[in-house]
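In the numbering used here, the protein residues as written are 109 to 536.
Using N, Cα and C, we set each Cβ at its ideal position, and we do this for glycine too.
A quick note: this is a predicted structure, and the numbers were derived from the prediction, not measured.
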Amino acid sequence: MATPAGPLHGTVAVPGDKSVSHRAIMLGAIAEGVTRIEGFLEGEDTRATAAIFRRLGVQIDAPSDGVRIVHGVGLHGLQPSSEPLDCGNAGTAMRLLAGLLAGQRFDSVLVGDASLSKRPMRRVIEPLAAMGALIESDGGCAPLRIRGGRALQGIDASLPVASAQVKSALLLAGLYANGETHVREPHPTRDYSERMLAAFGVPCAFVPGEAALLGGFPLQARDVSVPADISSAAFFIVAATLVPGSELLLRRVGMNPRRTGLLHVLRAMGADIAEENTGEQGGEPVADLRVRHAPLRGIEVPVEHVADMIDEFPALFVAAACAEGATVVRGAAELRVKESDRIATMATGLRALGIVVDETPDGATIHGGGFHGGIVESHGDHRIAMAFAVAAQLATGEVRIGDVANVATSFPGFDTLARAAGFGLRAA
Ligand code: S3P
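This is how it looks when you write it as structure tokens:
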């Protein structure tokens with residue numbers, strides 16, 4: 109249950125980046141030596157990945173919150189699991205693991221929750237099959253039965269969808285393949301796998317939109333310091349922008365250029381977001397973000413920013429609903445196959461709060477207006493629930509958000525941090 113707030117103030121440290129946390133466990137597990145991860149996201153998605161590698165015979169210690177010590181078993185040291193491997197809600201876990209497990213000597217089964225079991229997996233199954241992998245699915249969806257003991261061959265793949273998950277799956281399979289694996293993307297996506305593989309000593313060359321590596325090289329363990337997740341910061345960035353009188357400082361936010369699309373778009377709409385104390389953390393650019401309230405105007409979101417803000421559209425839709433004029437989103441059909449159909453769930457929820465939204469197959473036009481109170485459904489999608497918690501801060505009445513437990517997949521403690529910053533939020 110969420111109610112309008114007064115101005116938002118203070119300093120917010122959002123949890124570690126989900127994408128980096130998943131990859132640090134995976135690469136640490138198949139490296140030689142011990143990888144210490146700091147700033148690990150204690151979310152359900154990333155914990156699912158850690159639990160899977162424990163099942164595959166990797167010792168992973170959790171001495172304190174946000175710290176993991178991964179005792180690497182080397183490229184060929186994973187052990188078969190007698191049980192299916194449960195990815196929960198995590199698409200990143202399932203798709204990256206499909207690639208990694210395709211290169212093992214043993215068979216594996218990957219399962220997920222109801223939402224993950226509906227998400228498209230052919231996008232990884234087909235290019236992995238072209239490398240020689242054999243993965244059986246249920247009509248292109250999980251459960252995935254991955255046959256081991258196959259000789260994989262490097263390929264030169266031009267992907268039809270811009271997806272860091274698919275690119276990463278191929279690169280992880282490429283570690284076990286003969287020769288070079290080369291992946292080309294229609295739009296550049298986040299390059300954490302490439303950066304981390306190179307940092308772990310794999311000959312991996314990459315430029316925006318392209319990555320290549322040579323199979324057969326061992327990974328050398330190294331410590332990973334995970335920056336704060338800009339996708340989690342996004343809800344506070346939008347809230348401080350929208351609520352009059354607000355000023356929030358977000359600490360050590362990851363500023364990888366493939367993740368900062370929302371900042372470009374919000375600034376083009378009139379937002380006041382300053383980058384302070386810029387630096388590097390674990391090989392990634394980071395900055396403190398100071399966000400002050402500013403009125404927004406609607407824009408046409410440039411298509412070249414879509415991949416760089418793919419997880420931020422729920423937050424952007426809320427910003428657009430409070431802007432003057434219309435905001436047009438195009439080229440974002442991928443939103444329909446995320447944890448929920450994010451175009452449909454956001455359009456339905458915004459309409460329930462009084463906003464006019466025209467849906468299109470690959471986006472929407474959101475007509476700025478004001479929110480009244482109402483009931484919205486998040487359909488078990490963490491980012492939809494948090495986006496509507498932000499919307500509620502601007503509403504003239506109470507907003508009830510259904511099905512919010514999944515917030516813990518990416519942002520455990522969101523409600524506590526949000527209340528401390530001044531959000532009006534309570535359990536129903
Ligand atoms: C992710 C890539 C994105 C993103 C997801 C995390 C990753 O998915 O939506 O939350 O860690 O590689 P796609 O690569 O399918 O766009």
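Per the C-alpha coordinates, the member of Thr157, Gly317, Asp153, Phe425 positioned closest to Thr435 is Phe425.
Under the DSSP definition of a beta bridge, Ile263 lacks any partner.
Asp419 has its Cβ nearer than 8 Å to a heavy atom of the ligand S3P. DSSP, reduced to helix, strand and coil, places Phe522 within a helical segment of the structure shown. Annotation for His413 indicates a beta carbon at 8 Å or more from all heavy atoms of the ligand S3P.
Pairing Arg398 with Arg450, the inter-Cα distance amounts to about 28 Å. At the C-beta level, Gly323 and Gly282 come within 9 Å of one another. Around the beta carbon of Ile233, a 10 Å sphere encloses 16 or more other beta carbons of the protein chains shown; the residue is thus reported as buried.
Contact fails between the segment 478-485 and the segment 436-445, because fewer than three Cβ pairs, one in each stretch, are under 8 Å apart.
In this structure, Gly390 has its beta carbon at no less than 8 Å from each heavy atom of the ligand S3P.
Taken from the Cβ of Gly309, every heavy atom of the ligand S3P lies 8 Å or farther away. If you draw a straight line from the Cα of Asp489 to the Cα of Asp125, it comes to about 18 Å.
Taking each of Val122, Ala237, Ile243, Ala139 in turn and checking the Cα distance to Arg255, the smallest one comes out for Ile243. Taking Gly439 as reference, the option from Glu467, Leu458, Leu461, Glu432 with the minimal CA-CA separation is Glu467. For the pair Gly362 and Ala241, the Cα-to-Cα distance works out to about 34 Å.
Within the segment 465-534, the runs of beta strand (DSSP E) that reach at least 3 residues and sit entirely inside it are, in chain order, 471-475, 482-485, 507-510. Take the alpha-carbon of Ala210 and the one of Leu321: they are about 17 Å apart. Contact check for Thr200 against Asp153 passes: the beta carbons are separated by less than 9 Å. Every beta strand (DSSP E) stretch that sits fully inside the segment 369-412 and reaches 3 residues is listed by chain position as 380-389, 392-400. Using a cutoff of 8 Å, the CB of Thr157 does not count as near the ligand S3P, since none of the ligand's heavy atoms is closer than that. Val315 and Ala336 have their C-alpha atoms roughly 24 Å apart.
In the DSSP assignment, Glu355 falls within the unbroken beta strand (DSSP E) covering 355-362. Secondary structure of Ser127 (DSSP, three-state): helix. A residue is called buried once 16 or more other Cβ atoms fall within 10 Å of its Cβ, and Glu384, having fewer, is exposed. In the structure shown, the three-state DSSP call for Phe425 is helix. When secondary structure is reduced to three states using DSSP, Pro171 falls in the coil class, being assigned neither helix nor strand. Exclusion of Thr517 from the 8 Å shell around the ligand S3P follows from its C-beta lying no nearer than that to any non-hydrogen atom of the ligand. Taking the C-beta atoms as reference points, Ala307 is found nearer than 9 Å to Arg330. Contact check for Pro403 against Pro115 fails: the beta carbons are separated by 9 Å or more. Under the three-state reduction of DSSP output, Asp331 falls in the coil class, being neither helix nor strand. For Asp246, the beta-bridge partners assigned by DSSP are Cys249. Inclusion of Thr349 and His413 in the CB contact set at 9 Å is not warranted, their separation being larger than that value. When Val142, Leu280, Gly151, Ala121 are compared, the shortest CA-CA separation from Ala513 is found for Gly151. Within the DSSP bridge table, the entry for Ile145 names Arg176, Val332 as partners. Contact between Gly521 and Ser486 does not hold, since their C-beta atoms are separated by about 17 Å, which reaches or exceeds 8 Å. Not one heavy atom of the ligand S3P falls within 8 Å of the beta-carbon of Lys226.
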